[in-house]
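Worksheet for the structure shown next.
In my numbering, the protein residues as written are 570 to 1129.
What follows is the structure in structure tokens.
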């Protein structure tokens, strides 16, 4: 068995976001501290040099201002025990300067820290000071490098008789600079410690908020989120704490009929007022809330987030609602066929009995009455309603109404031409309202539903009255709200869509839908559809061979 190879120490950036953020912030804090220290030290040396030169110049100016110094320079020889040397040494000791040199106009020293240098020529060029200018400089002389100040020495008449040169030991300047560095580094270290602590606290907060993920993990999650949001068949709408839209996926844009311009806008601005806005904003609470947006039936669920916002999901139930309405239509047709079969069996038994009793004349009369009743019902509808789809719908509804013990009447004032621009839209409206009226009237005394259809120019006016309990005044607007219903929903779908669709279909054509109390009790729905009919002479031709019964099976819509 081969020995396990030693593990190599790998240096590099840590993977966790917490560690990376901490490392980067500490590096930034350290870099700022070093940079600030360097920027402070760079001018500090020049500032100390300037202070030393100015101090030397001030001492030289004070020395040159002594009134008897110029006279003593002119009246006494240069010597180690002369009055000029004594005065210069007194000033040097009092001021702490390295030297105080007094020279004549030839550059000969009359004073010096080293008495042996008295009488000799100065080591640096004195011409600037002897010409009347004051000089500040860093230079080297017999005593080494120093900060110097030179001024002319004048007598009482203002004539230049010499110059005074004062030097400040440069080692003392350097010592001040070196002495300042530890304190400066102490401040820099303190600032770095504070910065490191702040970096640690910020990194810990980032760690909690990002749940200790690595940058690569976050990038992967973002990529997955984008793929998921734009790939799923559910609409996703994310809101911030102010109720503004901050995210929309492709399906949400399609279902809501809005674009990218809605991002950043409040809900009521992007969607307008209505139930959809109330559901997404959380004003209406619950799960699987129904709402209608345009021609789509949507199911919405809303989940609050930790930052005070929310995420709402939207599912398109339009196709499911259509299937449900088709199922209701099929069930209605089956109920009608069952009623006809039951009624037909009773009539056949009656006819058989009349024949067995050899009551042939009565049998002929009975058959004539039965055929005449059915013919009268169809003729009554088609005589007043010329549109084949509407006529077929009402003939089918009449059979269902009879089975439920409700009389379906076509109003005497009904007269409707075959000039509808959108017949299927009106079929949807009539089917919903008649079903609602049958549900309301069923089981009442003298149950009756009356349908009135009239054309006023190009405007279609529909009224459906029933003998049911009616609708309280305070609920007459609520019944047109998405998802609102007083009935128990069937197993395969939810209620509260039919009347909302009725109003939307009416408003889409510039019309209106309202409900009021009918004469004698019950409810009366009134639908007004401007421009619903084509101009006379432009009416569409009816489809040849249209069978009323088959058309009736396709138009039953959901009741409220």
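A virtual CB, placed ideally from N, CA and C, is assigned to each residue, including glycine.
Residue pairing for residue 736: DSSP places it in a beta bridge opposite 668, 717.
A distance below 6 Å between beta-carbons, with the five flanking residues on each side excluded, links residue 703 to the following residues of its chain, in chain order: 720. Between residue 694 and the set 683, 708, 687, 688, the nearest pair of CA atoms involves 708.
Pairing residue 1043 with residue 1032 gives a Cβ-Cβ distance that is not under 9 Å. Look at residue 915 here: in three-state DSSP terms it is helix. Contact check between the segment 972-992 and the segment 953-960: three or more CB pairs, one atom from each, fall below 8 Å, which counts as touching.
C-alpha of residue 843 to C-alpha of residue 991: approximately 26 Å in a straight line. Of 808, 1088, 1011, the smallest CA-CA separation from residue 1037 is found for 1011.
Around the beta carbon of residue 637, a 10 Å sphere encloses fewer than 16 other beta carbons of the protein chains shown; the residue is thus reported as exposed. The beta-carbon distance between residue 705 and residue 622, rounded to whole angstroms, is 4 Å. This is short enough to meet the 8 Å contact definition. Looking at 1099, 1080, 1083, 1016, the one whose alpha-carbon comes closest to that of residue 1089 is 1016. Residue 928 sits in coil when the DSSP states are folded into three classes, being neither helix nor strand.
Annotation: residue 873 is outside any alpha helix (DSSP H); the continuous beta strand (DSSP E) that includes it extends over 865-873. For residue 1085, the enclosing beta strand (DSSP E) stretches over residues 1081-1086. As computed with DSSP, residue 933 is found in no beta bridge at all. Residue pairing by DSSP places residue 710 opposite 713 in a beta bridge.
Listed as beta-bridge partners of residue 1049 by DSSP are no residues whatsoever.
The segment 722-731 makes contact with the segment 631-646: 3 or more CB pairs, one atom from each, lie closer than 8 Å.
Check the Cα spacing between residue 973 and each of 713, 1007, 644, 698: the tightest is with 1007. For residue 823, the uninterrupted alpha helix (DSSP H) segment begins and ends at 819-825.
Note that the segment 807-814 does not touch the segment 854-866; fewer than 3 beta-carbon pairs, one per stretch, sit closer than 8 Å.
For residue 961, the uninterrupted alpha helix (DSSP H) run begins and ends at 957-972, by DSSP. In terms of Cβ geometry, residue 1097 and residue 1030 form a close pair [threshold 9 Å]. In the three-state scheme derived from DSSP, where H, G and I count as helix and E and B as strand, residue 1104 is classed as coil. Assigned with DSSP and collapsed to three states, residue 689 falls in coil, not helix or strand.
With distances taken between CA atoms, residue 801 lies nearest to 885 out of 876, 767, 875, 885. In the three-state DSSP reduction, residue 1014 falls in the coil class, being neither helix nor strand. Per the Cβ contact rule, the segment 726-734 is in contact with the segment 666-685 (3 or more Cβ pairs under 8 Å). The closest CA to that of residue 1099, considering only 1025, 648, 736, is found on 1025. For residue 1095, the beta-bridge partners assigned by DSSP are 1032, 1083. Separation of the CB atoms of residue 1001 and residue 1070 is rounded to 7 Å, and the pair is thereby assigned contact status at 8 Å.
Here the alpha carbons of residue 657 and residue 738 stand approximately 16 Å from one another.
Annotated three-state conformation of residue 704 is strand, per DSSP. Taking 9 Å as the cut-off, the Cβ atoms of residue 804 and residue 831 do not count as close.
Taking every protein chain shown into account, the CB of residue 998 has 16 or more other CB atoms within 10 angstroms, so this residue is buried. Counting along the chain, no alpha helix (DSSP H) covers residue 988, and no H or E run does either.
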